[in-house]
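For the record, in the sequence shown the residue sitting at position 36 is 36 according to the UniProt record's numbering, with numbers rising by one throughout.
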Amino acid sequence: MAMSKKSSQDSLLNDNIIEEKIISADGEVTIKKYSKRKFLGKGGFARVYEFLSLDTRRLQAAKIIGKDQLTKQRRRQKLMSEIKIHKSLNHQNIVEFDF
């Protein structure tokens, strides 16, 4: 019984691991892994969670946007505009943008 309980716990832990696949211009693939932590809040089309980078041990906040939220061109444009604005901001009280 202890064995199955441990397997169940391992499964729960693995459910909270998120992988980010990054492909550079020259085709090199990098995989970054994050542990999804607590829910921080939500906005018009995204939910925000705390994540821990398993590589750097750095805490980060990330917006999770459902694919269904980006089916319309107008919403995609709105998201890209938000990203552009956020990338240009530099203030101690604003979360740094990492894209």
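By construction, the Cβ of each residue, glycine as well, lies at the ideal position given by its N, Cα and C atoms.
Thinking just about the alpha-carbon of each residue, which of the options is nearest to the one in residue i?
i   : options               : result
L70 : F45, S81 and I31      : F45
E96 : I17, L59, K36 and R47 : L59
I65 : Q73, G43, D26 and H91 : G43
I17 : I85, S35 and A25      : S35
S53 : I94, K87, I22 and R37 : R37
Mapping DSSP to helix, strand and coil, what is residue i?
i   : result
N89 : Note that residue 89 is Leu in the sequence shown here, rather than Asn. L89: coil per DSSP, three-state reduction.
V40 : Residue 40 is actually Leu in this sequence, not Val. L40: strand per DSSP, three-state reduction.
R47 : strand
K72 : coil
Do residue j and residue i have their beta-carbon atoms positioned less than 9 Å apart in this structure?
i   : j   : result
I22 : K33 : no
K63 : R47 : yes
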